[in-house]
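To keep things clear, I will list the structure first and then write my remarks on it.
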Amino acid sequence: MPRRTETLPLLTATPGTSRTLTVHRFGEAGARPKAYLQASLHADETPGLLVQHHLHRLLAAAEERGEIQGEVILVPYANPIGLAQFNNSVHLGRCEVGGGGNFNRNWPDLFTPIADGLADKLGGDAAANVTAIRKALSDHLAGQEAGSEMHSLRLALASLAADADLVWDLHCDDESLMHLFLIPAHWPQAADFAADLGCHAVLLADDSGGNSFDETFSTPWTRLAARYPQHPIPAACLSATVELRGTSDVNDELAAGDAQALFHSLQRFGVIAGETPPPPAPLCDATNLDATDSVRAPCGGVLAYAVQLGDRVEAGDTLAWIVDPAAEPDKARHPVVSQASGIVLSRRLHRYVRPGMAIAKVVGNTALPHRQDGYLLED
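Residue numbers for the sequence shown follow numbering that gives the first Met the number 0, beginning at 0 and rising by one.
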C-alpha cells in the first residue's frame, strides 16, 4: 500500500478556530512490527521536527523499494496547540497556556481501565495475550470522548500509539548530550538503539512519577505481568523518550544523521527490510534514573557554569556559581555542588535563575537519597 497522509481534526476550542494533526502512514495497516514516532510534544523542542523531515524522506524511499515490512506511523509534530503559543515572540511550547499543564505530564493511566476485564481473556500463549491486551487498549481509547481541545489531542495521539510495538517520542533538553529514557524491562533490548543514536546516557525507571507519554504505553505491560503472573505477558511495547541533545542543536547535518540512526534501528527491529551496518560501539551503559542528580538552584541570580557537557565530576564538586550582581563581590557568589559522581548530561540554557529551578543533570551509578520520593522528573 502506498504511503498516505491523514489530517485529524482536534476538538474546536473556540468559535472561528480549528487545529489539525497530520499523520503520515507507511506500510500495510495492521502489519507487524508497528512503529510510532512523534516529535515536539513539547512544542518548543525543535530538533525532532527536522529529524522527522529527514526520516520521512528515508521512509518514502524505503517504501518505493518495497522494504517496509511492518507499519510506520510518523507524526511530524505532535502538538499543534503548543506550536501556536507565542507571547511577545517567545515560544511557550512546554505547557498549555490555558491551564492544561505540561504537555508531557499526567497522561492517562491505561492499565487500570483494562486490567479487570482481561482476567478471562489471558492464557498460556504469550502472543495471544499480546493481541488481547492490544485490543483492550484500543477498545478503551475508542470508547473515550474528548472534552477539550487538549484532551482531543491526547486521545488522538494515544489512539495512534497504543497498539504499537515501538513508540519513540522525540524531545530535547536545554543544553544536553543525546540520551534516552526507558523502563528497565526494555534494557538491554534497546542497547543497539541507544548505540545507533550515540547516547551518552540511558536512564531507567519503572515509574518516573509524571505519567509521561512514553510510560503511558510501556508500563501497562509490566503492571499487567505483575497482576497476572500465571500468564506470560511480555513487555510488548518498547516505548522511549529520545532526548535529541539541546534545543539549539538544529541543523541538517545532525538531523539527517539522527534520522539515519532511527532508520537503522527500525531495520534492526524488523520494521524495515535491508542490511544494516553493525551498531556503533556504545558510549554508555544504562543507569537508574534515581542515580541521576537533578541539580537545583539554591538561590536566585546569574548562573555561571564551572563545567561543560560531558565533564566527569565527583560528588561535592562545584558545577556552577549563582551570582547576585548587587551584592558585595566577596559575598556575591554561591556555589552549586553535585551530589552525584558521574558525567554532566545537561545544563540550563537561560542563565538567570530563581530558587528551585533545575540547572543540570549529573548521571551517576548510585541511588541518591533525595531522589527516592517517587517523582524523578525535573518539573
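For each residue, glycine too, the CB sits at the ideal point set by N, CA and C. In this text, all values refer to a predicted model and were calculated from it rather than measured experimentally.
DSSP state of residue i, grouped into three classes?
i      : result
ALA200 : strand
PHE212 : helix
GLU70  : strand
GLY256 : helix
TRP220 : helix
ARG332 : strand
HIS52  : helix
GLU95  : strand
ARG31  : coil
THR365 : coil
SER345 : strand
VAL294 : strand
VAL129 : helix
ARG267 : helix
ARG311 : strand
ILE113 : helix
GLY47  : helix
ASP108 : coil
GLU327 : coil
HIS139 : helix
ASP124 : coil
GLU377 : coil
HIS230 : coil
ARG64  : coil
ASP195 : helix
LEU282 : coil
ALA42  : coil
ASN145 : Correcting the residue identity first, residue 145 is Ala in this sequence and not Asn. DSSP places ALA145 in coil when its eight states are reduced to three.
ASP119 : coil
ALA189 : coil
ALA59  : helix
Starting from residue i, trace the beta strand (DSSP E) both ways and give me its first and last residue.
i      : result
ILE358 : 357-362
LEU181 : 178-181
GLU5   : 3-8
What are the start and end residues of the alpha helix (DSSP H) that includes residue i?
i      : result
GLY315 : First-last for GLY315: undefined, no H or E at that position.
GLY81  : 79-82
THR21  : Counting along the chain, THR21 falls outside any alpha helix (DSSP H), though it belongs to the beta strand (DSSP E) covering 19-26.
GLU148 : 148-160
PRO14  : PRO14 -> no alpha helix (DSSP H), and no H or E assigned at all.
Could you tell me whether the Cβ atoms of residue i and residue j are closer together than 7 Å?
i      : j      : result
GLY269 : PRO32  : yes
GLY363 : ALA290 : yes
ILE232 : ALA296 : no
LEU7   : LEU20  : yes
ALA30  : GLU70  : yes
GLU242 : SER175 : yes
VAL166 : SER238 : yes
ALA366 : LEU49  : no
LEU109 : ALA77  : no
THR45  : HIS23  : no
CYS198 : HIS185 : no
LEU344 : ALA200 : yes
ARG332 : GLY299 : no
ASN103 : LEU203 : no
PHE212 : TRP106 : yes
VAL301 : VAL322 : yes
VAL194 : PRO112 : In the sequence as displayed, the identity of residue 194 is Ala instead of Val. No; because the gap between Cβ atoms is not below 7 Å, this pair is not in contact.
ALA314 : SER337 : yes
Which partner residues does residue i have in the DSSP bridge list?
i      : result
SER88  : SER88 is not bridged to any residue.
GLN37  : VAL74 and ASP168
ASN287 : LEU203
TYR351 : VAL301
LEU237 : LEU165
GLY245 : ASP172
VAL306 : DSSP output for VAL306 lists no bridge partner at all.
ASN101 : CYS94
ILE321 : LEU302 and HIS333
Within the 7 Å Cβ cut-off, does residue i reach chain B?
i      : result
ALA204 : Protein chains in the displayed structure number just one, and chain B is not present.
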